[in-house]
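Quick notes on the structure that follows.
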């Protein structure tokens, strides 16, 4: 098993290098940082622009491959370069990573656990009222783009806040600027900010997971081993939880690890709409500001996250399912 | 007589409601006394499995169950879940059909058995684990302490079924319900598992309900039999009464349609006409009336109740059972009345072995198919990017046989022995890895594609699954016309109609789709398609194993008639040795990619020489209670070794009873070192064994 994981890891390192290099080349070839300095009034002297671009390793007069080598040299030492605004990419991303992690960890855990429970229960009560309602609701949510869903949530929250003497959920930002008070007051404030984006993120996940889990559970429910378990004298409930759900959970858990990786940079809309300064938001911003270094760094991170997640999902699968354990 | 431990009365099961309701079980009743073994037999769809699930209270919630199920005097039908769970696994337990899916894949086998112990007994986890190991030992799992730590997928089918039995007897139950416990297993494994069930019964003294479609399994195992048809019991009585003195025409038909391993010569099978009724569209009156040769107008008036017939505890649901009992209608003649002269069927030949054989001796007839030294190895690869070979699966490892004109060769063996691979190699008509395949005098290795097409015309195939082998979007006409058009017949219409008549179907059926037909009719369509081009050799891959016995008999008869009329040769691949004895002239027994024994069918069945053939034949249960009770089985130990790592020398030696018990150490050495080749030891009978000797086992 250890040897298998090591080989996997080695493959992944190669994949990350390839993916990131391609991402850098693409970004450096397509984006035009020079445009940031053009059309200013008063115009900036070209020599100054060139000097600034060279300093940032973004000068399109330097051959692409040479810029790539400079960049790759930095990355090898753990330095992703400088943003167009001047600060180091590393620091900016580290801060944003914290923001994104908080959002997606809570959203994903909430979404997948609820989704799995909803799906499993719907399967047990197949074609019952709960199954029909949850199926309808899932398809409804899946059919709505995140943008619309998030804005609907904001409208609803504003309406609810209006009914109450004091707002209970905030619709924008991570925390209230200039809020004072002790640790608890701060924490409550952050939670109030967290509620809406988390709901918006998890609703979609609940929809996906419940559909997924319902199918998995239905497959397992027809299996003979559930009957065996009940024939042993287990109550239906126990048999369903201990034998059916445990077996049907395997694909969902591996899928969980995978979503986690994909979401790290995939919450763009949610972050943008709720004013959270996370990785997803930065990806859009950096493309907009022709910030090649940030785009490349985020792509590198995305590749890393996806591959680590898929490794994690393989490991989890092996832990949960004795049938796939190697050697 | 002691009180019944399980008493079922008037059990009715309905799925759904309103006009679409399916009445799956109608008025089943039986009483099971302590230690008694009751066999419930019936074809698929007769409601036998639903009955047992209803007794256990394991039917899905949308099934409506009425009637009464009394376990040790207490009514358990409709009891609360709490009361039911107290009974299930403790007083009444169950063994299911499919051992592959009966164990939860993610838990260790030992833990699953220990779970059964801990539900009903207040013992520590360690004590339960110890008990699980004891139970595994009891059901004959080698190294039980170690194997208890294994996961279900590391067990073979037979071992899993043993584990399920261990679970069923964990709490010393009073009743064990076995639902087709051996259907999914190979015969030698079936014999082992039946032996384990007998041990289990001895240990626990439990009464057993044995549900099966195999009349042989029931014969030697049970005390009483209940025959079910269309959701109802139609005959019940002691096993000897039902087998030797059946009174219900359905039972008579069922017994007549089973191919017998123990009867040499050609006894023509007696199929039951028609198909079992669908439970949502039962005919009025007796459900068997449409298929019954004894039908009289009164049969359609009302469904006959299960009434006592003759002396003893025997009942039959037939208004003419009394006439059969009194001897006015001898059971043997019930089906003789309807046998001949039905429209659209090939007339029954005069039967009699002498007439059927072509008079020309075997040596002078032309060779249709010759296989010599055929080898098919599959590489075992490992690694994703850089694949490397880590081993070889010796699927077919040097086999040879020939088929002469007008002859049927039965190729038999357990699953994994390489019979399907052999068949595919022959059908491919390409150069084999090693060895030669000669079809109709032409070597496949040297064929041009034009020759290959020509040979395909003369060699056709019929597959096992009749539904999967017919395109559901083509009408029967299109299916039958396709091979004709491929080979350039302009107007296939007349030939299609001819073919339908030939296989006993209506000409009007040509416009229908495969799903409109029953299993037996579909297989007839498959046979008609194979016959379309007037081939000389037909390869049949388990052509009747997916069919119920009463239907199977009709298809076997059809195959025999066709062979006689059209002068065909068959390569008949099957795992059911009774069917093969019935249809084949010669037989080749395969074991682990090699031929163990080959020869004329009656010689091999009457006096098998190879220890594997002997074990195989002795493992097959006969539908004859007295013979079955007096038989001594040669039980094989363990499972088939992996074809990737066959034992050195003789491949069978790891399981060979002769190697284990009879041979001296010196003699054994030869088995280990030297692989035996097939030696012809008698006129047309050869065996691949250094110490072959004839034994009578059937």
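Residue numbers (our numbering), protein chains in the order written: chain A, 171 to 497; chain B, 109 to 806.
The beta-carbon is built from N, C-alpha and C at its ideal position, and this holds for glycine as well.
Residue i - containing beta strand (DSSP E), residue span
i, result
"residue 123(B)", "114–123"
"residue 739(B)", "It is not in any beta strand (DSSP E) - residue 739(B) carries neither H nor E in the DSSP assignment."
"residue 421(B)", "Run containing residue 421(B): none; DSSP gives neither H nor E here."
"residue 543(B)", "542–547"
"residue 696(B)", "694–699"
"residue 336(B)", "332–337"
"residue 172(B)", "171–179"
"residue 787(B)", "787–790"
"residue 201(B)", "200–203"
Straight-line gap, residue i to residue j (C-alpha atoms, nearest Å)
i, j, result
"residue 494(A)", "residue 300(B)", "30 Å"
"residue 479(B)", "residue 241(B)", "48 Å"
"residue 664(B)", "residue 518(B)", "13 Å"
"residue 495(B)", "residue 279(A)", "39 Å"
"residue 789(B)", "residue 559(B)", "38 Å"
"residue 219(B)", "residue 257(B)", "8 Å"
"residue 809(B)", "residue 504(B)", "With chain B covering only 109 through 806, there is no way to say anything about residue 809(B)."
"residue 180(A)", "residue 187(A)", "11 Å"
"residue 746(B)", "residue 293(B)", "13 Å"
"residue 162(B)", "residue 555(B)", "60 Å"
"residue 501(B)", "residue 413(A)", "35 Å"
"residue 567(B)", "residue 392(A)", "42 Å"
"residue 611(B)", "residue 636(B)", "6 Å"
"residue 807(B)", "residue 294(A)", "The structure shown does not extend to residue 807(B), since chain B is modelled only from 109 to 806, so the question has no answer here."
"residue 236(A)", "residue 323(A)", "48 Å"
"residue 263(A)", "residue 372(A)", "24 Å"
"residue 185(A)", "residue 192(A)", "11 Å"
"residue 786(B)", "residue 677(B)", "23 Å"
"residue 110(B)", "residue 344(B)", "20 Å"
Chain-order list of residues whose beta-carbon lies under 6 Å from that of residue i (same chain, five-residue window excluded)
i, result
"residue 516(A)", "Chain A is shown only over 171 to 497; residue 516(A) falls outside these bounds and no answer can be derived."
"residue 289(B)", "203"
"residue 108(B)", "Residue 108(B) is absent from the structure shown; chain B starts at 109 and stops at 806."
"residue 225(B)", "236, 239 and 278"
"residue 428(B)", "402"
"residue 655(B)", "627 and 628"
"residue 301(A)", "292 and 295"
Identity of the residues DSSP links to residue i by a beta bridge
i, result
"residue 808(B)", "Coverage of chain B is limited to positions 109 through 806, which leaves residue 808(B) absent and any answer about it impossible."
"residue 648(B)", "570(B) and 680(B)"
"residue 618(B)", "In DSSP, residue 618(B) forms no bridge with anything."
"residue 393(A)", "Paired residues: none, contrary to the question."
"residue 345(B)", "333(B)"
"residue 502(B)", "485(B)"
"residue 708(B)", "694(B)"
"residue 509(B)", "479(B)"
"residue 336(A)", "Answer is none; residue 336(A) lacks a bridge partner."
For residue i, the first and last residue of its enclosing alpha helix (DSSP H)
i, result
"residue 131(B)", "Note, residue 131(B): premise wrong, no alpha helix (DSSP H); beta strand (DSSP E) at 130–140."
"residue 316(B)", "Unbroken run through residue 316(B) is the beta strand (DSSP E), 315–320; no alpha helix (DSSP H)."
"residue 371(B)", "Counting along the chain, residue 371(B) falls outside any alpha helix (DSSP H), and DSSP gives it neither H nor E."
"residue 286(B)", "No alpha helix (DSSP H) contains residue 286(B), which is instead part of the beta strand (DSSP E) from 283–287."
Proximal residues to residue i (C-beta, below 7 Å), its chain only, five neighbours per side dropped
i, result
"residue 327(B)", "347, 351, 729, 730, 731, 732, 733 and 736"
"residue 624(B)", "none"
"residue 240(A)", "227"
"residue 207(B)", "265, 268, 269, 272 and 292"
Residues near residue i by beta carbon distance below 8 Å, same chain, minus five either side
i, result
"residue 111(A)", "Any question about residue 111(A) goes unanswered here, given that chain A covers just 171 to 497."
"residue 452(A)", "262, 263, 266, 464 and 468"
Requested in this report: Check distances from the C-beta atoms of the region 198–222 of chain B to those of chain A and list, in chain order, the residues that come in under 7 Å.
Outcome: 198, 201, 202, 204, 206, 209, 210, 211, 212, 213 and 214
Requested in this report: Taking a Cβ distance cut-off of 8 Å, strictly less, list which residues of the region 299–328 of chain A are near chain B, in chain order.
Outcome: none
Report task. For the region 298–331 of chain B, enumerate the residues whose C-beta is nearer than 9 Å to any C-beta of chain A, in chain order. Result -> none
Report task. Identify each residue in the region 405–421 of chain A for which the Cβ-Cβ distance to at least one residue of chain B is less than 8 Å, and report them in chain order. Result -> 405, 406, 413, 416, 417 and 420
Requested in this report: Name, going along the chain, the residues of the region 162–188 of chain B whose beta-carbon falls closer than 8 Å to a beta-carbon of chain A.
Outcome: 164 and 166
Requested in this report: Output, in sequence order along the chain, the residues in the region 259–278 of chain B whose CB is closer than 9 Å to any CB in chain A.
Outcome: 259, 260, 261, 262, 272, 275, 276 and 278
Query raised in the report: Taking any Cβ of chain A, which residues in the region 226–242 of chain B have a Cβ under 9 Å from it, in chain order?
Result: 227 and 228
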